[in-house]
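If you read the protein sequences in the order shown, they are chains A and B.
Residue numbering for the first sequence follows my numbering, beginning at 531 and increasing consecutively.
Residue numbering for the second sequence follows my numbering, beginning at 449 and increasing consecutively.
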Amino acid sequence: MSKITANALIKRGISKKVAEKVAEYYTLSELSKIGYKKLEKKVGTKSAEEIFKKLGRKIPVKKKSKKITRKIPKAKESGNKTKDEIIKIINEKKEYLPETIINEIAESIEKNGAKDKIKKVVEKAIKDYNAHLMEPLEACGIVAAQSIGEPGTQMTMRTFHYAGVAEINVTLGLPRLIEIVDARKEPSTPMMTVYLEGAYRINRDLAKKMANQIEITKMINIADVTVDIGNMKIIVTPNKKAMKRKDIEMNDVMNSLKKVSKAEINEAGEKIEVIPKDKRYTELRRLNDEIKNIKIKGIDEIKRAIIRKEEDEYVIYTEGSNFEKVLQIEGVDKTRTTTNDIHAIYTVLGIEAARNAIIKEAHDTLQEQGLNVDIRHIMLVADIMTADGTVRPVGRQGVTGEKTSVIARAAFEITVDHLLKASRRGEIDGLEGVAENVIVGQPIRLGTGSVELAVDIKKLKSLKVGK
Amino acid sequence: MITKSKKIIDKIAFGLLSPEKIRKMSATRIITPDTYDEDGFPIEMGLMDPRLGVIEPGLRCKTCGQKVKECPGHFGHIELAMPVIHVGFAKTIYNVLKATCRGCGKLLLPEEEIIKLREDYKKVVKRGNSTAAFAKEVIKKTSKVTKCPYCGREVLPVELDKPTTYREGGRKLTPAEVREWLEKVSDALGDDLRLLDINPEVAHPEWMVLTVLPVPPVTTRPSITLETGERSEDDLTHKLVDIIRINQRLQENRDAGAPQLIVEDLWELLQYHVTTYFDNQTSGIPPARHRSGRALKTLAQRLKGKEGRFRSNLSGKRVNFSARTVISPDPNISINEVGIPIAIAKELTVPIKVTPYNIEEMKELVKRGPEPEPLEGTIYLPGVNYVIRPDGRRIRVTSENAETVAERLEVGSIIERQLDDGDIVLFNRQPSLHRMSMMAHKAKILPYKTFRLNLAVCPPYNADFDGDEMNLHVLQSEEARAEAEILMKVQEHILSPRFGGAIIGAIHDHITGCFLLTYGNKVFSKEEALYILSATGYTGKIKEKMTGKEIFSKILPEDLNLEYKAKLCNSTEEECRKNDAYVVIKNGKLLEGAIDEASIGAFKGKIIEYIMRKDGSKAARKFIDKVTKLGIASITLIGFTTGIDDEDIPEEAQMQIKGVLENAKKKIQDLIRAYREGELEQIPGRSLEETLEMEIMRVTGKARDQTGEIASRHLGLDNSAVIMARSGARGSMLNLSQMAGAVGQQAVRGERIHRGYHGRTLPHFKKGDLGAEAKGFVSSSYKSGLTPTEYFFHSMGGREGLVDTAVRTSRSGYMQRRLINALENVRLEEDGSVRETTGKVVQFHYGEDGIDPTKSIRGKAVDPELILKEVTNE
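Here it is in structure tokens:
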């Protein structure tokens, strides 16, 4: 039997010696299936390589053990003289400092006029910076979750409060934080801060005009709408004062009234009569409601716009949010205008902007409550929410629900469904996460659990045990 | 000695059991619904068959021959007379039926489309996208097909009548027919089942219709014997009895050729029992009940929810070597220590391995027995409770056998020594919201029955002594002790990772004490200074006369240089310097400023933070220990009390307050009049009513502030209550002004109180009264007492606060659970990136600068100003 195999192997161009050796252990069909490592173990590397080559099989590329080292990006040179000097020192030492720190150092050196101490300061800063780095394998995720979750117990539940502008209600405190982590499609109190550019910025009238352009104005806001049941018509009496305040011409009113379906419109001096084509009371009622709610001007969703003077410019705060539409208006500063609707930011500006919006909103919410949470924790939460390019909620429909481990998902929520689904799909849990390993009773792969200690027995023996 | 090799679970694979497999792994077929005979012995081939495992101690398993704790139990099986649907897979079966042809079992899509789908599927898998979503798309595509592209059979719409009835074109399909259909699908589709999100390697669709039911081992459903000697069976056993009974009847009826109708009824009943056996909360069918009316807890209920197997037994486990009791304060122990009652110390043990090096010592220890007599002048001596021999036998050490056990002690044994001073233990208070909720302490055995802890560690545990209880765990391995000592000791957690500041620090009386000591230029005699400093363990020289600041300086490290505004400070630097509210420390000497919360307090303490960063955790711990003792000694020496007379203010101030309140009420009346007459200027975007409310709220708020101001003008730093408030020890100036001045407006939901009767809050007022008193303004002070109406309004506000807290804890608890679950696998890699343990990258550079928030300076990576100062000072 082994001879036949050996011959077959020789035929395929394998040296006789190797062929005979191998044929002792395996048949040809076995050889075409056998794993490289197994073969290598039995017949040695050289023979295994030869066999694999001649049989036209791929030798699996040995994975080099990943050796991860911390990359040190080089700081770029800038125009500032002090800064350049600092960067030079850092580069000489082949060290790294983030740009913000370089700026701070430069600033404080210039402020105190301590140019001569620059080298010492930078050296100390580098030392401090390296000492303050986080230790590898630290469970920074859990620390972040705790740091955001723990102050939750100290937050207020009171939903409404004003944030800077007395006129606008904004959800704050714990409900808002939960809203952010939930990545809700729409915040419960959408709000925008619209910054202006050019003349709009400094001219109150122009700013006012802009506010009118943004704020939605319905017929009911600028006119009295009454129903004349006897004559089967609706009488619209525009309020001149209100119209002027809102910057609306009679034409605008007429134009929007023309859009009303199934009705005839007559202008009668100060008043406008609307007569339904279908002379029925239900139709009259419907028409009345429709006319009252006709949009004459402004952007949908934006219920209110308020101008405030902030330092040297006028800023518009709005109740309701329509990020896309507002950004299209001429005179709006596209670089600073913002909303608290994270999904709108995601669709308009993309995922990185959404990440920043999550960080800002969460940070502001905590700050407003007087709770100090390091921005890095919030960043981590924002990053895990946006890691796959979409804004995912923290919870079973999002981050946790998309975990690879069946057991971790089952342990979180909707246990039975996850188990049934896993069995149908033949899922395999590799026990890589924390929850899984806790469940099977093994060390978790974080912190001290991800390293092992070994004792060099030889060295230990050579040590003298004495008192 | 034989060392057992450690078993490591590498992975866990999920799959369905085929009928063959169920039969193969079965220890016995179960045919009788009865469990025990008259003599109390289990009936063979009954649900308690001895081959299914043992639950009674002393007996051996008939299958594997092992004893109670060793035998894991063995499955049995029930042959079902007719197939039934597995509820859990009802939806999956439905999807398969919808997507396939009943005639030939093929997917209802033309060949070329299937080829394309196979390609698409590969892509989906490669990208790691959801295969479930892909399957949904496939099923959606098939729904448009009206005729099988292979056999030409007309496709009838399949419906699922929840939970387990299927109809094809309105006609009911029996489970047998469904199974037949699914068999065809299995054969026809083969590997294409993956397109429907089913892995044919582990799960065939027809296995989702049960013909054989596995019977779980008795170990999973142990029966309990009540005191009356009656046996009470587990819910699962009850359910299985039902299934067997109906199964038997069904079989008999079918074999006897009973009418179709009866057979079908029984079949449906069997389906009901099997369904509820899996999940007793299936919607659409009534849950199976116990005789008492309680719904049975079947398989799904065992796993589900907070009390289910996963969250209650797998994610959280019960432990030995733990204790729990009430906590109380002890200012004399270090923050690193915890006081443990003798009674607890005698129960908790530490395992010590007997080696050739320590055997003599251990023998002496064992000789003491479990109740050794304490040495002269001490209160406690640890004994030994158990000796575990190398063969694994546990021997309880008693006073009688201590000598003999000690004599026979051999190398390789483990002795369980009672807890002693200096042992590392973990201390925990729930809710464990952050890692500082569980820290390592050194044990200190003390008399009485409570755990004692230093007051400075109250903030991280969020503990007080109004009856709080805490848990204690004794570590059982060398690795655990080393890890706890290095990473978990209290001193390693002085800085909070949340904001990079101190979370452990002086509280209450410590702060008051230090403030009294250092504020102004109090001079202390030698005796007084000695009294204070000896409490801190100071051994240096003492001058004849010392100022408080000099005394405080003695506990500061010598190279300390700091300058900052104290808590006391509420204006500019220059202004504060005059009021002793600007702290200047040079070379370890407190030159200016009073020590208060901003210097040594928890959450704020600047000095603590600074020492921690500069000299490390040990120095910081020592400082905290000293500063707390110094504070206590100072306050004891100087004396401090507060009482109701601290809120006494002179007659004229009371008149002033009265005036302010009258004024405010009048203003409110004016506002109301303006509103009634339509003269009130409307805030844009608010209704007139809202405008009025906002204006009134502003007036009442202002009135309270003014009364507070008047009150505090007459309450100086010679007042104990003010000292506490200003130094940050306890209470605020707002609390004081409410006690001395006026309580102010009561609010519910951020508005003045308006609910109650028609048009008024209480019958004491006129309808439509919008005035201050009628809407919850409390113009009395706590000290003078509230009127009945005021008291009622105050209670309303107070109740809202209580409800708020109750709602908040549950909501924030759930949020935190979700956050932890989302982030638990995230760790920092050696290259500075942040990844999940599965390898998924979350951040490329942690926090954009790689800095650990714990080590940061309140969020900042480095403090250039401080560095500059230090460099200049060198």
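Even for Gly, the Cβ is constructed at its ideal location relative to N, Cα and C.
None of these values were measured; they are calculated from a predicted model.
{"Query": "Contacts that asparagine 577(B) makes with chain A (C-beta to C-beta distance below 7 angstroms)", "Result": "The contacting residues do not exist; asparagine 577(B) stays about 10 angstroms from chain A at best."}
{"Query": "Serine 980(A) versus isoleucine 974(A): straight-line alpha-carbon distance, rounded", "Result": "7 angstroms"}
{"Query": "Member of Pro908(B), Val814(B), Glu504(B), Asp640(B) whose CA lies at the smallest distance from the CA of glycine 521(B)", "Result": "Glu504(B)"}
{"Query": "Residue-level contact to chain B via CB, arginine 714(A), 9 angstroms cutoff", "Result": "no"}
{"Query": "Alanine 1254(B), buried or exposed, once every other Cβ within 10 Å from all chains shown has been counted against 16", "Result": "exposed"}
{"Query": "Where threonine 630(A) sits in the DSSP three-state scheme", "Result": "helix"}
{"Query": "Coarse secondary structure for isoleucine 795(A), derived from DSSP in three states", "Result": "strand"}
{"Query": "Where the segment 653-677 of chain A meets chain E: residues whose CB sits under 8 angstroms from a CB there", "Result": "The displayed structure is made up of protein chains A and B, and chain E is not among them."}
{"Query": "Methionine 1145(B): contacting residues in chain A (beta-carbon distance under 9 angstroms)", "Result": "Under the 9 angstroms cutoff, chain A gives no residues; its nearest Cβ is about 11 angstroms from methionine 1145(B)."}
{"Query": "Beta-bridge partners of lysine 1308(B), as assigned by DSSP", "Result": "Ile1305(B)"}
{"Query": "Straight-line gap, tyrosine 896(B) to glycine 1091(B) (C-alpha atoms, nearest Å)", "Result": "32 angstroms"}
{"Query": "Buried or exposed (CB count within 10 angstroms, at least 16 for buried), aspartate 1326(B)", "Result": "One cannot answer for residue 1326(B) here, as it falls past the ends of chain B, which runs 449 to 1322."}
{"Query": "Contacts that threonine 1320(B) makes with chain A (C-beta to C-beta distance below 9 angstroms)", "Result": "Asn642, Ala644, Lys647"}
{"Query": "Limits of the unbroken alpha helix (DSSP H) element including glutamine 972(A)", "Result": "Neither: glutamine 972(A) is in no alpha helix (DSSP H) and is coded neither H nor E."}
{"Query": "Three-state secondary structure (DSSP) of alanine 950(B)", "Result": "strand"}
{"Query": "Closer than 8 angstroms at the beta carbon, the chain A residues around threonine 1257(B)", "Result": "Thr683"}
{"Query": "Glutamate 982(A) versus leucine 976(A): straight-line alpha-carbon distance, rounded", "Result": "12 angstroms"}
{"Query": "Short CB-CB distance (under 9 angstroms) between leucine 561(A) and chain B", "Result": "no"}
{"Query": "Chain A contact for histidine 882(B) (CB, 9 angstroms cutoff)", "Result": "yes"}
{"Query": "Cβ pair glutamate 1157(B), serine 1185(B) closer than 9 angstroms", "Result": "yes"}
{"Query": "Ranges of the beta strand (DSSP E) found wholly within the segment 761-807 of chain A, counting only runs of at least 3", "Result": "763-768, 793-798, 801-806"}
{"Query": "Collapsed DSSP secondary structure at lysine 597(A) in the structure displayed", "Result": "Legend: pLDDT at lysine 597(A) = 48, less than 50; position of this residue unreliable, value from coordinates given subsequently. Correct three-state label for lysine 597(A): coil."}
{"Query": "CB contact flag (isoleucine 631(A), alanine 661(A), <9 angstroms)", "Result": "no"}
{"Query": "C-alpha gap between valine 689(B) and glycine 494(B), whole angstroms", "Result": "9 angstroms"}
{"Query": "Runs of alpha helix (DSSP H) wholly within the segment 678-737 of chain A (minimum 4 residues, chain order)", "Result": "703-712, 729-732"}
{"Query": "Endpoints, the beta strand (DSSP E) within which valine 845(A) is located", "Result": "843-849"}
{"Query": "Per-residue DSSP class, three states only, for aspartate 1252(B)", "Result": "helix"}
{"Query": "Closer than 9 angstroms to chain A by CB, isoleucine 460(B)", "Result": "yes"}
{"Query": "Every unbroken beta strand (DSSP E) within the segment 1235-1293 of chain B, with a cutoff of 3 residues, ordered by chain", "Result": "1274-1276, 1282-1284, 1289-1291"}
{"Query": "Whole-angstrom C-beta distance between leucine 823(B) and valine 1347(B), which should lie under 8 angstroms", "Result": "With chain B represented from 449 up to 1322, any question about residue 1347(B) goes unanswered, as that position is not in the structure."}
{"Query": "Other residues of its chain near histidine 652(B): CB distance less than 6 angstroms, five sequence neighbours each side excluded", "Result": "Ser634"}
{"Query": "First and last residue of the uninterrupted alpha helix (DSSP H) at histidine 721(B)", "Result": "708-726"}
{"Query": "Among Lys687(B), Pro734(B), Lys937(B), His1206(B), nearest to aspartate 482(B) - alpha-carbon criterion", "Result": "Lys687(B)"}
{"Query": "Cβ separation of serine 763(B) and isoleucine 969(A), assumed to be a contact under 8 angstroms, to the nearest whole Å", "Result": "6 angstroms"}
{"Query": "In DSSP terms, what alanine 1394(B) is bridged to", "Result": "In the structure as shown, chain B begins at 449 and stops at 1322. Residue 1394(B) is therefore absent and cannot be evaluated."}
{"Query": "Beta-bridge pairing of asparagine 876(B) - partner residues as DSSP gives them", "Result": "Met886(B), Asn919(B)"}
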